[in-house]
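Listed in order, the protein sequences are those of chains G and W. Mapping the first sequence onto the UniProt record's numbering, position 392 (from 1) lands on 392, and the numbers just tick up by one. Mapping the second sequence onto the UniProt record's numbering, position 215 (from 1) lands on 215, and the numbers just tick up by one.
Number of protein chains: 2
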Amino acid sequence: MPRLLIGNRPSNDLVGTWGKAAMGWWAQRLLWFVRDGDVLVLPEAPDESFLSYVTELTSTDRASLTVVIPAAGNRPGQWLLDPELTHLTRQALAGRPVDEVFALCPNEAVVELARSLGAESAVPGHGFLDQGGALIADSKAVFRSLAAGSGLPLPDGGVCANPEGAYRLITRLLADNRPVILKKEFLAAGNGNEVLTLTKDLRVNGAGRTVLLGDAHDAVRVYLNERWDWLTEGRRHRVIVEEYHPGSRGVFAEFWVGDEEIELGGQGEMVAEPVADHSYLPAPDLTAEQERALMVGGRKLCEVLRAMGYRGVLSADAIIVEGAGTPEVFFTEYNGLVTGSTHVYHLGKRLAGADYARDRLLAEYVSWHVPSFAEALRHLESEGIAYDPATRTGVVLLNSWRDNPGVVPYCLIAENVEAAERLKERLKQDPRP
Amino acid sequence: MPRLLIGNRPSNDLVGTWGKAAMGWWAQRLLWFVRDGDVLVLPEAPDESFLSYVTELTSTDRASLTVVIPAAGNRPGQWLLDPELTHLTRQALAGRPVDEVFALCPNEAVVELARSLGAESAVPGHGFLDQGGALIADSKAVFRSLAAGSGLPLPDGGVCANPEGAYRLITRLLADNRPVILKKEFLAAGNGNEVLTLTKDLRVNGAGRTVLLGDAHDAVRVYLNERWDWLTEGRRHRVIVEEYHPGSRGVFAEFWVGDEEIELGGQGEMVAEPVADHSYLPAPDLTAEQERALMVGGRKLCEVLRAMGYRGVLSADAIIVEGAGTPEVFFTEYNGLVTGSTHVYHLGKRLAGADYARDRLLAEYVSWHVPSFAEALRHLESEGIAYDPATRTGVVLLNSWRDNPGVVPYCLIAENVEAAERLKERLKQDPRP
């Protein structure tokens with residue numbers, strides 16, 4: 001029986017039009033999950049050279065795959081629910097029952113499409129998702145309620161549904177000489193975050209913007225009056241207010257929440273400069289205690305979400321804060337969708353083995369500036385640094401070439417950080433301004 | 001050690017200014033929970049004659065109670081967080097540690113007040129509540145996600161974050177000759193509900209307004225364009241869209257979610273004409289199967305909420321729909337706060353015994369039109385129908401006299417519905433227009 005793989009982005013209800021322009025390119029990460037016989041629903045036709053590259057590396061039979069894409073032309077409304085797309089998908093399935101539905105962003109539209117194909121029950125957690133569950137499983141606000149309800153350590157702060165509550169929290173933290181990070185409820189990769197500080201020299205990672213305030217009171221009111229609409233997407237959402245910990249490390253543990261088992265997918269470190277730039281899987285040099293805290297907390301969140309009816313990927317994000325005493329692990333958000341790391345450890349397992357983390361590091365970078373995908377491939381071949389199954393090391397291109405700003409994301413598979421760094425130096429870089 | 005009882009209403013974040021004008025009167029239901037030595041925080045001074053009435057009936061020592069009320073005058077902001085109120089409450093506690101905090105509407109303001117008194121851990125579920133949990137435990141949208149995620153039966157429908165999704169759902173139901181009920185995410189007692197119908201003769205209970213649409217398509221768009229802002233409280237919240245079942249019975253089962261135990265508080269039936277008018281505890285004539293379905297589903301929701309970190313009252317509401325075959329129990333919402341029934345079964349237990357439901361019925365009515373509280377009391381005495389501990393029957397006044405519209409809510413304690421009806425006929429009614 002075929003699987004149905006759906007390359008959708010988070011709905012407008014969560015992130016508005018953020019990322020919409022690049023959706024077709026972005027959704028191609030779905031290809032790393034293909035298996036023989038899959039039916040893929042994608043917002044745009046995939047780049048054939050990238051599709052060939054992936055199927056070759058993963059020993060998948062390209063001819064066994066069916067790709068369904070919407071009819072050309074901008075149409076209003078949720079593309080997944082376009083009746084013509086449903087019709088095309090039904091044709092592609094040709095009466096075969098769907099074994100499993102796997103979507104980048106599981107939500108009510110995915111369930112609705114599956115239902116119209118008679119495959120509702122093939123969507124993991126379909127009951128929960130069908131009734132708006134994506135707004136729970138992706139919310140940084142709900143995350144804080146559940147994490148605090150489970151006794152997990154969180155950065156000092158709260159969830160604000162109105163500017164007065166935000167003012168009280170921000171003022172309390174700033175007046176105590178602690179910088180503050182504000183987070184939009186649903187945005188990803190640091191793009192919905194802003195840091196507020198009273199001092200000029202703060203080094204910030206993990207936020208798109210840093211705002212210098214003249215004082216901890218009136219300037220906070222001025223800031224909130226100016227930014228409340230942006231922070232809440234026009235008052236639709238809540239705002240997370242937290243103490244910001246400069247110099248902390250961002251780590252994650254990602255799981256698959258199944259009916260019976262909660263399985264670790266992978267763990268790693270995210271490095272933001274100032275927003276998502278690269279990541280290491282597994283996170284280098286975690287102490288046993290740090291890793292244990294990350295795993296215990298991550299599994300606890302999975303158990304809560306499972307009790308709520310969620311099934312699928314759940315990534316628990318945390319920061320490691322070096323304090324006066326023992327470094328502490330504070331949880332910062334969760335993501336109930338296919339994250340920017342899911343395809344990385346997935347391909348890591350397919351290429352370097354399910355237990356890659358024992359002797360290999362995956363170093364994922366968002367941008368290699370190259371003139372084209374073909375040129376990138378040629379360079380890897382000529383340098384002899386393309387991924388080699390024999391040595392279980394080398395460079396993997398993670399997606400097709402993105403014309404603006406002319407980059408390809410990639411993953412270095414190496415023995416450790418130093419070996420990955422050496423590999424990275426052998427990538428040809430376009431001269432940058 | 002004293003308990004701290006807090007007579008607050010749902011925050012503006014949930015219900016806006018709905019009910020705010022009558023808050024002082026409304027909050028007096030808190031008095032039914034008092035025990036000797038309690039410190040009560042109320043938005044306005046309670047009616048002394050009602051307070052005397054309650055303490056006498058419940059054998060509570062009035063002199064052992066301390067009532068804290070905010071300083072006079074309208075002040076902006078959340079009254080519970082007024083520093084002067086905190087100061088007064090601290091004085092009332094006089095250094096005694098707080099044994100338990102019990103609030104009508106447990107939320108982040110309750111936790112913040114408790115924290116400033118050094119009593120945060122005395123708030124059940126304080127971690128969850130402190131991080132915005134009230135927006136989860138009171139949400140009809142989150143309810144649907146969790147109930148569907150647990151496999152509970154729900155009326156056909158969904159949770160809509162945008163008008164397009166609402167349009168699709170409404171149109172599907174109406175085109176199938178099924179009327180539709182729309183519900184605001186947080187409002188109570190049917191006040192945030194509207195029913196949409198294509199036929200004139202629909203008899204509606206449980207909604208403040210019924211809207212007759214000319215067709216199932218264009219008229220739905222016109223309706224949503226007109227009402228979306230109202231339905232979503234200015235786009236802040238989601239909207240629940242469900243099939244409306246005319247003639248269904250509204251029932252509930254209410255529990256206390258504790259660390260260890262989930263305890264049944266009471267169950268009953270709510271009768272709306274068209275919004276909340278009266279209720280019976282327990283619900284008369286439930287079949288064993290109906291009661292079982294209500295209890296199993298209600299307990300399941302409690303378990304999910306407990307896993308999420310919630311502690312306190314949880315009421316599960318359902319409708320019983322008589323169909324062609326067996327009547328079905330569909331769950332419709334939950335409420336993680338002290339509901340309009342909590343004080344009723346609480347006083348029922350205090351007056352008629354913990355097992356009152358074995359041989360007594362509580363019939364609660366929202367309005368007895370009388371000139372004053374004193375006049376109501378006099379009438380009960382002269383008719384000999386005031387509650388009598390000897391017979392475990394009679395009339396209990398549930399709150400003080402409300403000047404607009406000149407009513408007192410009351411509870412009949414009787415052997416059964418017929419006996420309650422006979423008691424009700426002996427209440428003197430003001431002539432109504």
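Where a beta carbon is used, it is the ideal one built from N, C-alpha and C, also for glycine. Quantities reported herein were computed from a predicted structural model and do not represent experimental measurements.
Y387 of chain G - containing beta strand (DSSP E), residue span: Neither: Y387 of chain G is in no beta strand (DSSP E) and is coded neither H nor E.
8 Å CB neighbourhood of H379 of chain W in its chain, flanking five on each side removed: V370, L427, K428
L5 of chain G versus A137 of chain W - alpha carbon distance: 34 Å
Given 8 Å, three or more beta-carbon pairs between the region 302-314 of chain G and the region 145-155 of chain W: yes
Pair within 8 Å by beta-carbon distance, P70 of chain G and T332 of chain G: no
Inside the region 275-308 of chain W only - beta strand (DSSP E) runs reaching at least 3 residues: 276-281
Own chain, CB closer than 7 Å to I170 of chain G, minus 5 neighbours either side, in chain order: V180, L196, V220, V241
Opening and closing residue of the beta strand (DSSP E) in which residue 470 of chain W lies: Chain W is shown from 1 up to 433; residue 470 of chain W falls before or after that span and cannot be answered.
Buried or exposed (CB count within 10 angstroms, at least 16 for buried), G95 of chain W: exposed
Length of the line joining the Cα atoms of Y410 of chain G and L351 of chain G: 14 Å
Whole-angstrom distance between L398 of chain G and R432 of chain G, CA atom to CA atom: Confidence at R432 of chain G is low in this model, with a pLDDT of 47, below 50, so the placement of that residue is unreliable and no value is reported for it.
CB of S116 of chain W within 8 Å of CB of T86 of chain W, strictly: yes
Assumed close pair L42 of chain W, A27 of chain W - CB separation to whole angstroms, cut-off 8 Å: 5 Å
Proximal residues, the region 128-139 of chain G versus chain W, C-beta separation under 7 Å: F128, D130, Q131, G132, G133, L135, I136
Cβ distance (whole Å) where F252 of chain W is taken to contact G265 of chain W below 8 Å: About 10 Å separates the two Cβ atoms, so there is no contact after all.
Proximal residues of chain W, C-beta to C-beta of A148 of chain G below 7 Å: G127, F128, D130, Q131, G309
Sequence-distant residues of its chain with Cβ nearer than 7 Å to A420 of chain W (five each side left out): L361, A363, L412, A414
Assigned exposure category for G340 of chain G - 16 Cβ within 10 Å defines buried: buried
Three-way DSSP call (helix, strand, coil) for K140 of chain W in this model: helix
Per-residue DSSP class, three states only, for G234 of chain G: coil
Sequence-distant residues of the same chain with beta carbon closer than 6 Å to T210 of chain G, five excluded per side: V195, V204
G250 of chain W versus F330 of chain W: straight-line alpha-carbon distance, rounded: 10 Å
W368 of chain W in three-state terms, based on DSSP: strand
A316 of chain G CB to nearest heavy atom of the ligand FAD below 7 Å: No copy of the ligand FAD appears in this structure; indeed no ligand is present at all.
Member of G:V366, G:W368, G:A374, G:G353 whose CA lies at the smallest distance from the CA of T393 of chain G: G:G353
Length at least 3, wholly inside the region 9-55 of chain W: the beta strand (DSSP E) runs in chain order: 39-41
Residues in the region 156-180 of chain W having any Cβ partner in chain G nearer than 7 Å: G158, V159, A161, N162, E164
Interface positions of the region 196-212 of chain G facing chain W (Cβ-Cβ less than 8 Å), listed along the chain: none
Exposure label - V396 of chain G; buried when at least 16 CB within 10 Å: buried
Status (buried if at least 16 other CB within 10 Å, exposed otherwise) for V222 of chain W: exposed
Residues in the region 225-245 of chain G having any Cβ partner in chain W nearer than 8 Å: G234, R235, R236, R238
Alpha helix (DSSP H) segment containing R350 of chain G, residue limits: 342-352
Spatial neighbours of D36 of chain W in its chain, beta-carbon cut-off 7 Å, leaving aside the 5 residues before and after: T60, D61, S64
A114 of chain W versus L182 of chain G: straight-line alpha-carbon distance, rounded: 25 Å
Neighbouring residues, chain W, relative to D13 of chain G (Cβ below 7 Å): A161, N162
Beta-carbon proximity check, V101 of chain G vs V123 of chain G, cutoff 8 Å: yes
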